[in-house]
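A.B. asks: In this note's numbering, the protein residues as written are 6 to 442.
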């Protein structure tokens with residue numbers, strides 16, 4: 006086994022393309038590598054019918070790469086395809102340098118970007134989950150299989166010790182993140198109690214979310230023209246007008262084929278998106294692949310359970326695309342869209358007006374029949390101040406007459422098992438509108 010270099014970022018990009026398997030965007034992968042600090046010396050594309058089980062690509066091609074690694078003094082090979090632990094290990098043995106796949110590269114970028122306590126915990130948890138199946142080679146002087154007086158080990162190999170320590174660390178990080186999540190949940194409940202809606206900024210990485218966040222809230226969140234410039238979620242109050250305040254949440258940027266370890270680790274942070282009242286889906290208007298990026302972000306929203314949240318598409322960077330600020334009303338399943346420039350401020354007033362329309366105090370009202378075992382739901386309605394009348398039936402059912410803001414009712418539907426069609430309209434109902442959960 007070779008000794009890994011402790012520094013140096015001279016890198017070679019290996020981009021395998023397989024039949025019937027969608028390849029990632031090699032230009033985006035190179036951008037990721039540059040964002041991580043790699044100095045790309047060469048890009049090699051390999052065409053194959055299907056992945057090879059031991060080395061991903063053919064043995065002959067790997068030996069050619071090993072020769073290139075020696076001649077060019079390459080210290081890191083970046084593979085744009087996902088590698089199994091055994092494939093990564095076998096490639097390192099032949100290439101005699103570090104090998105990193107797409108997931109490992111993204112994890113490294115996240116480790117560089119994390120600044121907050123929560124962000125560092127989440128990244129470390131994701132790294133350990135990625136590292137756990139990749140631990141190899143124990144220290145022979147600790148093996149219990151080695152006989153002889155004075156040579157008997159403590160009963161387990163170093164590999165077993167490492168795995169046990171990793172499992173213990175994962176358990177501790179998971180417990181600490183649960184505590185952080187409970188604190189975030191408390192903050193969310195306080196916002197609901199104070200009737201302050203939440204607006205979440207989501208979008209593909211480098212779409213300009215942080216620049217837009219700074220423009221809307223006069224914040225100073227770090228923003229740069231690079232992938233994953235900001236990682237930690239930030240919340241700020243934003244006054245839409247003299248009477249309407251919202252909490253704006255800047256979340257981590259999405260990317261295609263986001264590593265499963267990151268989705269699992271950032272579940273608590275992504276809850277801010279899932280529990281938001283409105284999602285501002287920021288799209289780079291100057292990106293020729295914007296339709297594909299929009300589809301990929303919607304897929305991530307589907308994966309985290311946030312596809313049902315009302316959405317406004319914000320096409321940013323119109324100054325680069327040579328377009329004018331304008332708004333388009335949503336029709337059918339298509340959400341409304343606003344064309345803005347976060348850099349120049351053009352179109353911001355159109356976005357503010359659209360949000361004000363979203364948060365108009367439309368009310369729903371009617372009679373709601375609850376079963377005796379739905380006491381928690383009854384308590385939530387009373388806590389929200391929505392109950393105007395209450396009566397009890399002989400079978401134990403509870404009949405409530407409620408009147409509440411439509412967005413609060415929709416939020417209650419999302420957070421509980423309440424179906425909107427259980428609300429029966431009455432003649433005294435305030436304002437009724439089509440309600441969907």
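All C-beta atoms, glycine included, are put in the ideal place defined by N, C-alpha and C.
What three-state label does DSSP hand residue 429 in the structure shown?
C.D. replies: As a working mapping, residue 429 is identified with position 424 in the chain shown. Three-state result, residue 429: strand.
A.B. asks: Would you identify the three-state DSSP class for residue 377, choosing helix, strand or coil?
C.D. replies: In the chain shown, the residue the question calls residue 377 occupies position 372. Residue 377 falls in the coil class under three-state DSSP.
A.B. asks: What is the C-beta distance between residue 253 and residue 278, in whole angstroms, given that I count them as a contact (C-beta under 8 Å)?
C.D. replies: Numbered from its first residue, the chain shown carries residue 253 at position 248. Numbered from its first residue, the chain shown carries residue 278 at position 273. At roughly 12 Å, the Cβ-Cβ gap does not stay under 8 Å, so residue 253 and residue 278 are not in contact.
A.B. asks: DSSP three-state label for residue 413, please.
C.D. replies: Along the chain shown, one-based indexing puts residue 413 at 408. Helix, per DSSP.
A.B. asks: In three-state DSSP terms, what is residue 32?
C.D. replies: For this step, residue 32 is matched to residue 27 along the chain shown. Here residue 32 sits in helix by DSSP.
A.B. asks: Out of 424, 360 and 56, which has the shortest C-alpha to C-alpha gap to residue 249?
C.D. replies: Along the chain shown, one-based indexing puts residue 249 at 244. That would be 360, whose Cα lies nearest to the Cα of residue 249.
A.B. asks: Leaving out five residues before and five after residue 431 in sequence, what residues of the same chain have Cβ atoms less than 6 Å from its Cβ?
C.D. replies: Residue mapping note: residue 431 aligns to position 426 of the chain shown, counting from 1. Same-chain partners within the cutoff: 371 and 372.
A.B. asks: Using the Cβ count rule (16 or more neighbours within 10 Å means buried), how would you classify residue 398?
C.D. replies: For the purposes of this step, residue 398 is identified with residue 393 of the chain shown, where counting begins at 1. Exposed is the call here.
A.B. asks: Could you round the C-beta distance between residue 19 and residue 49 to whole angstroms and report it? I think they count as a contact, below 8 Å.
C.D. replies: Translated into the one-based positions of the chain shown, residue 19 becomes position 14. Translated into the one-based positions of the chain shown, residue 49 becomes position 44. Indeed they touch by this definition, with Cβ atoms about 5 Å apart.
A.B. asks: Taking the alpha-carbon of residue 369 as reference, which of 217, 84 and 392 has the nearest alpha-carbon?
C.D. replies: For the purposes of this step, residue 369 is identified with residue 364 of the chain shown, where counting begins at 1. Checked all of 217, 84 and 392; the closest Cα to residue 369 is 392.
A.B. asks: Excluding the 5 residues flanking residue 340 on each side, which residues of the same chain have their C-beta closer than 8 Å to its C-beta?
C.D. replies: Translated into positions along the chain shown, residue 340 becomes position 335. Here the set comprises 286, 315, 316, 317 and 318.
A.B. asks: If you check the beta carbons only, do residue 407 and residue 386 fall under 8 Å apart?
C.D. replies: Mapped onto the chain shown, residue 407 falls at position 402. Mapped onto the chain shown, residue 386 falls at position 381. Yes, the Cβ-Cβ distance between residue 407 and residue 386 is below 8 Å.
A.B. asks: If you drop the 5 nearest sequence neighbours on each side, which residues of the same chain put their C-beta closer than 6 Å to that of residue 169?
C.D. replies: As a first step, residue 169 is located in the chain shown; it is residue number 164 there, counting from the start. Hits under 6 Å: none found.
A.B. asks: From the DSSP output, which residues share a beta bridge with residue 56?
C.D. replies: Residue numbering aside, residue 56 sits at position 51 when the chain shown is read from its first letter. According to DSSP, which records beta bridges pairwise, residue 56 is partnered with nothing at all.
A.B. asks: Relative to the C-alpha of residue 42, which candidate in 113, 99 and 71 has its C-alpha closest?
C.D. replies: To locate residue 42, count along the chain shown from 1; it is residue 37. It is 113 whose Cα lies nearest to the Cα of residue 42.
A.B. asks: Check whether the segment 94–105 and the segment 115–129 touch, using three or more Cβ-Cβ pairs below 8 Å as the test.
C.D. replies: Flag = no, the segment 94–105 and the segment 115–129 do not touch.
A.B. asks: Would you mind sorting residue 349 into buried or exposed? The rule is 16 or more other CB atoms within 10 Å of its CB.
C.D. replies: The residue given as residue 349 occupies position 344 in the chain shown. Exposed, by the Cβ-count rule.
A.B. asks: Is DSSP giving residue 135 helix, strand or coil here?
C.D. replies: For the purposes of this step, residue 135 is taken as residue 130 along the chain shown, with counting starting at 1. Of the three classes helix, strand and coil, the one that applies to residue 135 here is helix, per DSSP.
A.B. asks: Out of 381, 411, 374 and 118, point me to the one whose CA is closest to residue 429's CA.
C.D. replies: Along the chain shown, one-based indexing puts residue 429 at 424. Measuring from the Cα of residue 429, the nearest candidate turns out to be 374.
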